[in-house]
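The structure appears below as structure tokens.
Residue numbers (this note's numbering): -10 to 147.
See the structure below:
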């Protein structure tokens, strides 16, 4: 599978991208064929453009950062501009999973959706939140990508 990690931050440049590095490390540990990396500043237009430039070449695009309540956090709005369909259950799954570690997980406004055949998920910008969310998603990703490619079971228990 092909992945992309897009880090959204006004405060951290690509050279200090600990959250993106943590996500990439977990994906590679679980057999990712390739992990493209991107970085952009907060802002709806900047983030939407960066998502568009990465999404069409990968199976899964994970963003990190810009999902909170701060005035410059616009990753969810940018994501909503570029997805064709929403996958709200995945965003709720990430919040619920994160809440096992911290109640601040519920402050995330992250969304999940599909652009063409690419899954796009917003992860928190904190290293722990990004890593925890990625670990929680790993068991689901193969099944999701298989469905997006037109295969896969609709009931994983069959």
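Note that the Cβ used here is the ideal one computed from N, Cα and C, for glycine as well.
Predicted model only: the values in this text are computed from it and were never measured.
About 7 Å separates the CB atoms of residue 83 and residue 125; that is less than 8 Å, so the two are in contact. A straight line joining the alpha-carbon of residue 90 with that of residue 119 spans about 12 Å. Under the three-state reduction of DSSP, residue 104 is assigned to strand.
Every alpha helix (DSSP H) of 4 residues or more that sits fully in the region 14 to 98 is shown, in chain order, as 33 to 44, 64 to 71 and 77 to 88. In this structure, the CA atom of residue 79 is about 10 Å from the CA atom of residue 85. Of the other Cβ atoms in all chains shown, fewer than 16 fall within 10 Å of the Cβ of residue 132; this residue is therefore exposed. In this structure, DSSP gives residue 138 a state outside helix and strand, which the three-state scheme calls coil. Short of 7 Å from the beta carbon of residue 65, and not among the five residues preceding or following it, lie these beta carbons of its own chain, in chain order: 56, 98, 99, 100 and 111.
Using a 10 angstroms sphere on the CB of residue 121, the tally of other CB atoms reaches 16 or more, which defines it as buried. Of the residues 60, 87 and 20, the one whose Cα lies closest to the Cα of residue 117 is 87. Residue 115 and residue 8 do touch by the CB rule: their CB atoms are close to 7 Å apart, below 8 Å. Contact between residue 51 and residue 123 holds, since their C-beta atoms are separated by about 7 Å, short of 8 Å.
A buried status is given to residue 94, since no fewer than 16 other beta-carbon atoms sit within 10 Å of its beta-carbon.
Residue environment: residue 128 is assigned as exposed (fewer than 16 neighbouring CB atoms within 10 Å of its CB, all protein chains considered). Within the same chain, and ignoring the five residues on either side of residue 41 in sequence, the residues whose Cβ sits closer than 7 Å to its Cβ are 71.
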